[in-house]
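Chemist: Protein sequence lines, in the order shown, are assigned to chains F and W.
Residue numbers for the first sequence follow this note's numbering, beginning at 406 and rising by one.
Residue numbers for the second sequence follow this note's numbering, beginning at 484 and rising by one.
In this text, a Cβ means the ideal position worked out from N, Cα and C, and glycines have one as well.
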Amino acid sequence: MRLLRFVARRLLLLVPVLLGVVVVTFLLVRVLPGDPIRTILGPNATEADAAAARARYGLDQPLWRQFVDYLRGLGTGDLGRSIQSGGSVTSELALRVGPTLELVVLALAVALVVATVLGIWSARRAHRIGDHSIRVLALAGNSLPDFWLGLVLILVGYSVLGWFPAPSGRVDPDTHLTPVTGADLLDAVLTGNGPAFGSALGYLALPVATLSIVIVAPLLRSVRASALEVLRSEAYTAAAAHGLPDRLLRRGYLVRAALSRLPALAALVFGFGIGSTVLVEYVFSWQGFGQWALRGLLFRDYPVVQASVLVIAAGYVLVFLVADVVHAMLDPRVRI
Amino acid sequence: MTPLLSIENLSVVIHRSDPGDSGRQIAALSNVSLDVNAGEVVGLVGESGGGKSMVARSIVGLLPPGSRATGRVLFAARPGAGEQVDVLTMDRAALAGHRGRGAALCFQNPRGALSPTRTAGRQLTDRLTTHQGMALGRAREAARELFEQVGIRDPGRRLDAYPHELSGGMAQRVMISLATGCAPGLLIADEPTTGLDVTLAREILRQLRHAADTDRRGVLLISHDLASVAEVCDRVVVLYAGAVVETGPAGRVLRTPAHPYTRTLVASVPQVDGHPVVATPGGMPLLARAPTACPFAPRCGHADDTCRTQHPATTEWGAGWQVACYHPQAENLAGNLAGSPATQAGGARTATQAGPAGPRPPAGPAAPVPAAVPRTVLSVEDAHVVYRSRFGGGGHHALRGVSLQVAAGETVGVVGESGCGKSTLARLVLGLVRPAAGRVTLAGHDLSRIRGRRLRRLRIRAQLVFQDPIGSLSPRRTAADAIAEPLRAQGVPAAERAGRVAAALARMGLDESILPRRPHELSGGQAQRVGIARALVGGPDLVVFDEPTSALDVTVQAQILQVVAELTGDESRGRVFISHDLATVRGFCDRVVVLYLGRVVEEGPVAEVFSNPRHPYTRALLSSVPSLGAGFAGPRLELVRDLEEADAATGCPLAARCPLVTDRCRAEPQELVGYGASRAACWRVPEMPELLRGGGAGA
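1. With a threshold of 7 Å between beta-carbons, can S598/W be considered close to chain F, or not?
2. Going by Cα to Cα distance, which pick from T739/W, L1078/W, L998/W, R939/W is closest to T961/W?
3. If you compare alpha carbons, which of V889/W, L911/W, C790/W is closest to Y870/W?
4. Just verifying my parser: in three-state terms, what is the DSSP assignment at P851/W?
5. Terminal residues of the continuous alpha helix (DSSP H) containing R971/W?
6. Where A854/W and L1025/W are concerned, what is the direct C-alpha to C-alpha distance, given to the nearest angstrom?
7. Got a sec? Which residues, its chain only, sit under 6 Å from G522/W by beta carbon, not counting five neighbours each side?
8. State whether the stretch 608-616 of chain W contacts the stretch 678-686 of chain F, with contact taken as three or more CB pairs (one from each stretch) at a distance under 8 Å.
9. Run the CB neighbour count on Q606/W, radius 10 Å, all protein chains shown included, and call it buried at 16 or more, exposed below.
10. If we ignore side chains and look at the alpha-carbon of each, how far apart do W800/W and V806/W end up?
11. Is there a Cβ of chain W sitting closer than 7 Å to that of R656/F, yes or no?
12. How is N449/F classed by DSSP in three states: helix, strand or coil?
13. Name the residue from D1053/W, L1126/W, L748/W, M573/W whose alpha carbon lies nearest to the alpha carbon of A891/W.
14. Name the residue from N520/W, A511/W, A552/W, L517/W whose alpha carbon lies nearest to the alpha carbon of G1195/W.
15. Does any residue of chain F have a CB that is nearer than 7 Å to the CB of A840/W?
16. Going along chain W, which residues have a C-beta under 8 Å from S665/F?
17. Hey, L887/W and L913/W are a contact pair by Cβ (cut 8 Å); roughly how many whole angstroms apart?
18. Show which residues of chain F have a CB atom less than 8 Å away from the CB atom of Y645/W.
19. I'd like to know whether the C-beta of T663/W is nearer than 7 Å to at least one C-beta of chain F.
20. Please tell me whether F590/W has its Cβ less than 7 Å away from any Cβ of chain F.
21. Kindly say whether T613/W, judged by its beta-carbon, lies nearer than 7 Å to any beta-carbon of chain F.
22. Taking all protein chains shown into account, do 16 or more other C-beta atoms lie within 10 angstroms of the C-beta of H879/W, making it buried, or fewer, making it exposed?
23. Assign E900/W to buried or exposed, taking buried as 16 or more other Cβ atoms, counted over all protein chains shown, within 10 Å of its Cβ.
24. Can you grab the Cα-Cα spacing for the pair C783/W / P743/W, in whole Å?
25. Which value, in whole angstroms, describes the spacing of the CA atoms of V496/W and D518/W?
26. Within the 7 Å Cβ cut-off, does G648/F reach chain W?
27. Tell me which residue opens and which closes the beta strand (DSSP E) that E1086/W is part of.
28. Is there contact here, the stretch 700-710 of chain F with the stretch 425-444 of chain F, by at least three beta-carbon pairs under 8 Å?
29. Taking G580/W as the query, report the chain F residues whose CB atoms sit under 8 Å from its CB, ordered along the chain.
30. Name the chain W residues whose beta carbon is nearer than 7 Å to that of R652/F?
31. Please check if any C-beta of chain W sits within less than 7 Å of the C-beta of A545/F.
32. How is P732/W classed by DSSP in three states: helix, strand or coil?
33. Note down, in chain order, each residue of its chain lying with its Cβ closer than 8 Å to the Cβ of L375/F, except the 5 sequence neighbours on either side.
34. Can you list the residues of chain W that R661/F reaches, using a CB-CB cut of under 8 Å?
35. Thinking just about the alpha-carbon of each residue, which of R1097/W, T608/W, A967/W is nearest to the one in A662/W?
36. Could you tell me which of H498/W, A596/W, T730/W, A1048/W sits nearest to Q508/W, measuring between CA atoms?
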């Protein structure tokens, strides 16, 4: 009950946050130098052509008018019309968000599992060879540029070993996957399409690996540090002094206590992961949200930029909400 | 019969491998030998740093990294069977079986030693399934029974509580149930009552005695509370600087100690019957190797050249009573305690130290009555304090109409159990919380009316001495900075500050070499003196001592109490001394106020309240104070429940716990009414003597 109230309150908080984001991005994107109309018209267009195009996108209206129109659209879920492609931003967005979310969520999940297992293993062998090598490896992964790592993984996994499909597309078109959410793996599950599931998994493997390797290091460090703290705590010593078996000590007294600080960091890493997808998607020709948002920004495609910032802001609030809830579930002392 | 545990010549040397400090070693224990039999409670006493916890840790094979143990820690898995195993040579598997099942450690700080992310019930069932081979469902049943045995009410609900939801006393009970849940042959309790108030401490010790008497466990009770040890333990072992200095029957050793160190310890304990404490200067040395001379010699009044060059061997002093001393003392310590000049002069140097500076006798305040009526420095009138919960809806009513006057030159003691509002009262008079109703007047200004800079100015007029001496000093500031802080707040020029800091320091008996040190380089006693110097340096009108000695060792406690007692001669300011230890209040307070659940239940001159308590609560508090001397003389009274179950809503707040309760108590709120020299909030006071004689009282 208390949890529900907390979630409801935080969701209500989403409204003022998003409203602020809308106002700021709406203004900022128009302050940026560059004219979206010129980028679509080409070098030979006349002033009259430009004015006509402006009128078509409503850019000839006074600023407040444009803003009111935009807000009114938002109310009905209409994010406007892309200047670059002329298509509806809402439908383009729906197409793009799924694949990227799938990529980032899977990468974060893999990174969290790896960080938890290795972090705790590492802490229990603190300052021995295994511990040191894991920490060095994690740090190395963290220091590699993601686009380079992606290229190396393609070289090894596709060109040399041939285990994974070519880095173009997200699922084999021959499997006839019916898109539902845009996240191919999820769609394959929803439609019960076995071959598509296998194919999507194959396509996902390398980009997910790339992203996981890049983000695992901070998570692992955090888990290791918390686990060490727990291992040295009086509470753990007391449990050990009462002769509880190793397995019980690990499961009952170490893991949960060691993980309680992870959700907040994972939420931050999630945001970092969204940023990293821009390059990873580029390397793997992943037609995702990152690339779409970047192109929108480069061509000053106002509605696209506004929509992508809005989605990222909402995503952040939601992810931190989830992190807070998970933290409260892990640590009974946290009151929400 | 082979003892359950016999430690033979155990020595532990710890090698420090800190960078910059390499090669340094500490002889934590030197040739310690002691036995614990099944069904016996053995007390292990001494100052901190004396090696008490190290003994406990070596019994469960949990020595700190870098330590090397020699000697033997023999443990009989089945006492009487004659087969003993050395814990120090056990392998991993044997150690796993020994820990918990053989010897279970009951940790000092129960809140820290309970895992915060597992429910209390799960932690107990973990022990039960591991050591008693129970299935989970059966273990939960057994856990409920165990909780009930250690006196936890509503055990079903507490099983699902997380440790942070338990009160201090409750957590300590859970800790004991965890240790007994392992069904150990030997129960080791490491300072189980430190920080608990008298009524709870008594209950916890009763649990330990119970474990020895009914379950035939051996109990090793580590404590610095000598009076409790004397009451509960069969035998006592006194450790000093890692060596056993005296061992024997607990009651006799602690009432008529033979070793000068034990005598020092005993003399440092404040007594509820008003004996002044005798402080011994100096502190325990940290030894690098096993001592070749008597480690206590530098502090000992009887030491001669033999003591300083040779280590005394253990000699028989009485039946089962051994002393490691060349000059064991036979004369009665009680005479010494009474403070008659003759015995003090003939006694140790400690006594002469205490002579002129010693606390004044309880009858003191009557003697130098100032001609004029002293000015009132603090007046609290019918103050209420409510801590609101964060999202509206009720709150915790910490003070419910407290009135208190403190005149200049007067010391007022405030006593009561934890959770009765003592600390809230301190925060109130310092202007740190605002009263929901009522008035607080400090040095003529109404604290609740002013805000901002004027309030901060006024706060300089009242100063607080904290419970945790080291934690209350900023770790980044030197002692000089800390002491000068109130002067800086007053805007005293830097040139003048140094002189006043030096004066305050001299008054505390500290020399200037500690000025550049930071808190972690100070001992507890030094840090507390710095804390007191900081409180005094600005010349406040009121000094509030919030349990200034409860975190300190007995000998250090005696030193600090002496410092505080010296301050009571100061006629220019008033003092409030808060403590849950009634014996400390007795020594030097003029008046005492007894708080219960945010109300004053009794107040009056200290001698009157302590020798003739009117309110049942005061009598119960006095009855539960453990004592090495005669203790509380009058008829005793015992409360029937713990504080947390009591209710303060209607009628007398004590009604739920008072053995003398009637329907009228439950219905009518009680007001303070004058009875002789003191005032009490209980309508049954006139018939009290009869009630107590009539057997309405507990043991």
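Modeler: The answer reads as follows:
1. Taking the first residue of the second sequence as position 1, residue 598/W is located at position 115. So, interface residue.
2. For the purposes of this step, residue 961/W is taken as residue 478 along the second sequence, with counting starting at 1. If we check each option's Cα against that of T961/W, L998/W comes out closest.
3. Looking up residue 870/W in the second sequence gives position 387. The option with the nearest alpha carbon to Y870/W is L911/W.
4. Your numbering for residue 851/W matches position 368 in the second sequence. Confidence at P851/W is low in this model, with a pLDDT of 44, below 50, so its placement is unreliable and the value that follows should be read with caution. Coil.
5. Within the second sequence, residue 971/W is the residue found at index 488, counting from 1. Taken as a continuous stretch (DSSP letters only), the alpha helix (DSSP H) holding R971/W covers 962-973.
6. One-based indexing of the second sequence puts residue 854/W at position 371. One-based indexing of the second sequence puts residue 1025/W at position 542. Note that A854/W scores 48 on pLDDT, short of 50, meaning its location in the model is unreliable; the coordinates nonetheless yield the value given after this. Taking the straight line joining both Cα atoms gives about 21 Å.
7. On the second sequence, residue 522/W is found 39 positions in, with the first residue counted as 1. Contacts found: A695, R699.
8. no
9. For this step, residue 606/W is matched to residue 123 along the second sequence. Buried, since its Cβ has 16 or more Cβ neighbours within 10 Å.
10. Counted from its first residue, the second sequence places residue 800/W at position 317. Counted from its first residue, the second sequence places residue 806/W at position 323. Looking at the two C-alpha atoms, the distance is approximately 6 Å.
11. Here residue 656/F corresponds to residue number 251 of the first sequence, with the count starting at 1. So, not an interface residue.
12. Working through the first sequence from its first residue, we reach residue 449/F at position 44. DSSP places N449/F in coil when its eight states are reduced to three.
13. As a first step, residue 891/W is located in the second sequence; it is residue number 408 there, counting from the start. Among D1053/W, L1126/W, L748/W, M573/W, the Cα nearest to that of A891/W is on D1053/W.
14. Given a span of 484 to 1182 for chain W in the structure shown, any question on residue 1195/W remains unanswerable.
15. Indexing the second sequence from 1 puts residue 840/W at position 357. Because A840/W sits at a pLDDT of 38, beneath the cut-off of 50, its placement in the model cannot be relied upon, and the point is left open.
16. Taking the first residue of the first sequence as 1, we reach residue 665/F at position 260. By Cβ distance, chain W contributes T600.
17. For the purposes of this step, residue 887/W is taken as the residue at position 404 of the second sequence. For the purposes of this step, residue 913/W is taken as the residue at position 430 of the second sequence. 13 Å between Cβ atoms; not a contact.
18. Taking the first residue of the second sequence as position 1, residue 645/W is located at position 162. Within chain F, the residues near Y645/W are P737, R738.
19. The sequence position of residue 663/W within the second sequence is 180, counting from 1. Chain F contact via Cβ: absent.
20. Numbered from 1 along the second sequence, position 107 holds the residue referred to as residue 590/W. For F590/W, the answer is yes, since a Cβ of chain F falls inside 7 Å of its Cβ.
21. Translated into positions along the second sequence, residue 613/W becomes position 130. Interface residue, yes.
22. For this step, residue 879/W is matched to residue 396 along the second sequence. Classification of H879/W: exposed, given that the 10 Å Cβ count is below 16.
23. As a first step, residue 900/W must be located in the second sequence, where it is residue number 417. Classification of E900/W: buried, given that the 10 Å Cβ count is 16 or more.
24. Translated into positions along the second sequence, residue 783/W becomes position 300. Translated into positions along the second sequence, residue 743/W becomes position 260. Cα to Cα, C783/W sits roughly 7 Å from P743/W.
25. Mapped onto the second sequence, residue 496/W falls at position 13. Mapped onto the second sequence, residue 518/W falls at position 35. Cα to Cα, V496/W sits roughly 21 Å from D518/W.
26. Indexing the first sequence from 1 puts residue 648/F at position 243. Chain W contact via Cβ: present.
27. Here residue 1086/W refers to the residue found at position 603 of the second sequence. Start and end: 1082-1088.
28. yes
29. Against the second sequence, residue 580/W aligns to sequence position 97. Within chain F, the residues near G580/W are G648.
30. Here residue 652/F is taken as the residue at index 247 of the first sequence, counted from 1. Residues of chain W passing the Cβ test: none, with the nearest at roughly 10 Å.
31. Start at 1 with the first residue of the first sequence, and residue 545/F comes out as number 140. Not closer than 7 Å to any Cβ of chain W, the Cβ of A545/F fails to qualify, so no.
32. Walking along the second sequence from the start, residue 732/W turns up at place 249. P732/W falls in the strand class under three-state DSSP.
33. A query on residue 375/F cannot be resolved here, the shown segment of chain F reaching from 406 to 741 and no further.
34. Translated into the one-based positions of the first sequence, residue 661/F becomes position 256. Those within 8 Å of R661/F in chain W are T600, R601.
35. The residue given as residue 662/W occupies position 179 in the second sequence. Comparing Cα positions, the closest option is T608/W.
36. Mapped onto the second sequence, residue 508/W falls at position 25. Ranking the options by Cα distance to Q508/W, first place goes to H498/W.
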